[in-house]
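These notes are about the structure you will find just below.
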Amino acid sequence: MNMDSNGMKKGTKISRDLLPVTLAEKNAGTLGYFNVWIGIGIIIATFAVGGEAAYYCNLKQIAVAAVIGTFFLGCFFCISSDIGVEHGISFPIYVAAILGKRGTILPNVLRSIYGPIWFGVQSYFGAMTINQIVVIFTGYDNWKLWFIIFVIVQVVNTACGFGAMEKVANIAAPTIILIGIYLVFRLLHMAELNGIDAWNSVYADTGSKIACGNANALLYIMMLGLNYWADNACEVETWSRYVKTDKGEKSLFKRNKRAIPGYLIALPLASGFMIFLGALSTFVTGNYNPIEAVSAITENPIVLTFLLVMIVMAQYHNTSRQKAESSGWKTPLTMVNECSVQPDAQWSVHYCTFKSKMPYWMRVCVCGFIGAVIQPWILIDHIGVFLTVTGSLWSTMYGMTIVDFFFIRKHKINVPDLYKENGGQYAYAKGFNPAGMISFVIGLAACILLPSIAFFAGSVVSGISYYALMHVWILKKYPQKELGIEQDRYSGISGGREWIYDDETNSVKSSI
Numbered sequence: 002m003n004m005d006s007n008g009m010k011k012g013t014k015i016s017r018d019l020l021p022v023t024l025a026e027k028n029a030g031t032l033g034y035f036n037v038w039i040g041i042g043i044i045i046a047t048f049a050v051g052g053e054a055a056y057y058c059n060l061k062q063i064a065v066a067a068v069i070g071t072f073f074l075g076c077f078f079c080i081s082s083d084i085g086v087e088h089g090i091s092f093p094i095y096v097a098a099i100l101g102k103r104g105t106i107l108p109n110v111l112r113s114i115y116g117p118i119w120f121g122v123q124s125y126f127g128a129m130t131i132n133q134i135v136v137i138f139t140g141y142d143n144w145k146l147w148f149i150i151f152v153i154v155q156v157v158n159t160a161c162g163f164g165a166m167e168k169v170a171n172i173a174a175p176t177i178i179l180i181g182i183y184l185v186f187r188l189l190h191m192a193e194l195n196g197i198d199a200w201n202s203v204y205a206d207t208g209s210k211i212a213c214g215n216a217n218a219l220l221y222i223m224m225l226g227l228n229y230w231a232d233n234a235c236e237v238e239t240w241s242r243y244v245k246t247d248k249g250e251k252s253l254f255k256r257n258k259r260a261i262p263g264y265l266i267a268l269p270l271a272s273g274f275m276i277f278l279g280a281l282s283t284f285v286t287g288n289y290n291p292i293e294a295v296s297a298i299t300e301n302p303i304v305l306t307f308l309l310v311m312i313v314m315a316q317y318h319n320t321s322r323q324k325a326e327s328s329g330w331k332t333p334l335t336m337v338n339e340c341s342v343q344p345d346a347q348w349s350v351h352y353c354t355f356k357s358k359m360p361y362w363m364r365v366c367v368c369g370f371i372g373a374v375i376q377p378w379i380l381i382d383h384i385g386v387f388l389t390v391t392g393s394l395w396s397t398m399y400g401m402t403i404v405d406f407f408f409i410r411k412h413k414i415n416v417p418d419l420y421k422e423n424g425g426q427y428a429y430a431k432g433f434n435p436a437g438m439i440s441f442v443i444g445l446a447a448c449i450l451l452p453s454i455a456f457f458a459g460s461v462v463s464g465i466s467y468y469a470l471m472h473v474w475i476l477k478k479y480p481q482k483e484l485g486i487e488q489d490r491y492s493g494i495s496g497g498r499e500w501i502y503d504d505e506t507n508s509v510k511s512s513i
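So for the sequence shown, this note's numbering puts the first residue at 2; every next one is plus one.
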């Protein structure tokens, strides 16, 4: 099969990374996919969430709230995950059914903003770590200089396609887990020596005090976790399409049985652990920053340098992923054992299927520039507000996704029409689905009115609005074939059907 240098099939505008994944290409087993979500959950930025939580609840409450909140989200992952498992398509493709082909510019813009912001945040942590290493050996202290250098190195590295550091960075996630476990024992020992009862205290700038968070505080901690992972909720099918499944399996849970442990066990434990560690660091050192925690537990320069270098590698891995996703390029995610999932986020294409006119290297540079100029150190100081805003934006999208796939289309999708460049049932009104666009605005309004429960407000209200508008208006004016008398033709794996690309017609069609 001929491909051009940008990974596009010759003679078509569809990227190979956006084509449906066939049964033979589904190569992620239970253990491999479990490890995917361990790696996703081990992100050092979640330390900041733990630092914020320490001001509202004690350590026991934070641990419980963080795990429960992410577990709750994992339950919904089990539903939206089926889009990828059943039909082998990713969110950038499926979202055209909700917003229309032109309407996909909305998540395009969200990802283009969201990615660079997190790139800046991760770069900030990396720069602080590099600065600490330099201080140890030279006494020179200038973290802003290292921030600029760290950003430039990553931009050049990604734009040129260098892969050596990426291979090293893949070691970082399991290493961070081991470092985290070591940190927990050391920090708890330090807390005991200093008379800090972190298990029963709420942190204050003037010192910890024995207290328990109330119901509102616990809800706030849960919302922080939900808002943090809201974008992953939308994009979970981009990963799940690579999960092995059984052809002809009718049961939703049996189809997704290899993916579910990753959502309900791996992510809650990994994410909860990092939030817990950030809170514990705040109680003991007064700062959630992992660099402060590492510096506090050892004075041995060799051990300290090793720990800090691993943190730099973790930041490099995460920032490279954020930068490449927001620049619209597939990023390799090296897995262990039998899993070799490669998630993509082709967000810099106009309608999700068209090749971006901006060169890849330029997109990477723009992303790096935005991530640097936003001054992420200021953003981190207001992490609660930031997560509420991002959670609002993505939760409204997620609510519509669940309703559209589960309640309206009932797991059936006219996949060939999703890949049509012009026309088709998902063109709606000049390329926009009014139900999706209106419901997105209504969902955001609900988040503004109820910011303390933004994720729930956005997803529930947008979902209800979308369901109502589709039934009373859109479905009558724009019939959907998967809801008609031949609806069985649009089942995926459960109906023994795969969606395959036809080279001769440059289109996607049914295997049967």
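Every residue gets a Cβ at the ideal spot worked out from N, C-alpha and C, and that includes glycine.
Since the model is a prediction, treat every value here as computed from it, not as a measurement.
At which residues does the alpha helix (DSSP H) containing residue i begin and terminate?
{"i": "I41", "result": "31 to 42"}
{"i": "S463", "result": "455 to 470"}
{"i": "D232", "result": "231 to 241"}
{"i": "S1", "result": "One cannot answer for residue 1 here, as it falls past the ends of the chain, which runs 2 to 513."}
{"i": "H88", "result": "60 to 88"}
{"i": "W119", "result": "106 to 139"}
{"i": "I276", "result": "268 to 286"}
{"i": "G493", "result": "Premise fails: G493 is in no alpha helix (DSSP H) and is neither H nor E."}
{"i": "F1", "result": "The requested residue 1 does not occur in the structure, where the chain is confined to residues 2 to 513."}
{"i": "I298", "result": "291 to 298"}
{"i": "G400", "result": "384 to 403"}
{"i": "I381", "result": "377 to 381"}
{"i": "L419", "result": "416 to 419"}
Taking only heavy atoms of the ligand ZN into account, decide whether any of them is closer than 7 Å to the Cβ of residue i.
{"i": "G372", "result": "The ligand ZN is absent from the structure shown, which contains no ligand whatsoever."}
Can you tell me which of the three DSSP states residue i falls into?
{"i": "A55", "result": "coil"}
{"i": "I45", "result": "coil"}
{"i": "Y502", "result": "strand"}
{"i": "A199", "result": "helix"}
{"i": "S252", "result": "coil"}
{"i": "V50", "result": "helix"}
{"i": "V152", "result": "helix"}
{"i": "V244", "result": "strand"}
{"i": "A428", "result": "helix"}
Roughly how many angstroms separate the alpha carbons of residue i and residue j, rounded to a whole number?
{"i": "Y468", "j": "M401", "result": "8 Å"}
{"i": "S466", "j": "I45", "result": "36 Å"}
{"i": "F408", "j": "H472", "result": "11 Å"}
{"i": "I137", "j": "V185", "result": "23 Å"}
{"i": "S252", "j": "L451", "result": "36 Å"}
{"i": "A428", "j": "C58", "result": "49 Å"}
{"i": "P21", "j": "I292", "result": "42 Å"}
{"i": "G164", "j": "N158", "result": "With a pLDDT of only 48 at G164, under the threshold of 50, the placement of this residue in the model should not be trusted, and no figure is reported."}
{"i": "F92", "j": "F406", "result": "12 Å"}
{"i": "G52", "j": "I475", "result": "45 Å"}
{"i": "V122", "j": "Q376", "result": "8 Å"}
Give every residue of the same chain whose Cβ lies closer than 7 Å to the Cβ of residue i, excluding the five residues on either side of it in the sequence, and list them in chain order.
{"i": "F151", "result": "S124, G127, A128, I131"}
{"i": "I443", "result": "V462, S463, S466"}
{"i": "Y204", "result": "A55, Y56, T283, F284"}
{"i": "N257", "result": "C79, S82, D83, V86"}
{"i": "K27", "result": "Y243, V244, K245, T246"}
{"i": "H88", "result": "P21, I414, V416, G493, W500"}
{"i": "G279", "result": "T47, F48, A49, V50, G51, G52, Y289"}
{"i": "M438", "result": "L100, G104"}
{"i": "W144", "result": "A128, M129, N132"}
Ordered along the chain, which non-local residues of its own chain (more than five positions away) have a Cβ less than 6 Å from that of residue i?
{"i": "P108", "result": "V96"}
{"i": "S241", "result": "S82, G85, V86, A260"}
{"i": "A67", "result": "G226, G273, I276"}
{"i": "V404", "result": "G464, Y467, Y468"}
In the DSSP assignment, find the beta strand (DSSP E) that holds residue i and state where it starts and stops.
{"i": "S508", "result": "508 to 511"}
Check the C-beta distance from residue i over to residue j and give it rounded, since I have them as a contact under 8 Å.
{"i": "I41", "j": "N233", "result": "7 Å"}
{"i": "A49", "j": "Y289", "result": "6 Å"}
{"i": "Y399", "j": "A231", "result": "7 Å"}
{"i": "G369", "j": "Q155", "result": "7 Å"}
{"i": "A458", "j": "C448", "result": "5 Å"}
{"i": "G516", "j": "M223", "result": "Any property of residue 516 remains undetermined from this structure, which presents the chain solely from 2 to 513."}
Compare the C-beta of residue i against all C-beta atoms of chain B and say whether one is closer than 8 Å.
{"i": "F78", "result": "Absence of chain B from the displayed structure is noted, only one protein chain being present."}
Below 8 Å CB to CB, which residues in the same chain sit around residue i once its five sequence neighbours on both sides are set aside?
{"i": "S542", "result": "Any answer about residue 542 is impossible in this case: the structure gives the chain only from 2 up to 513."}
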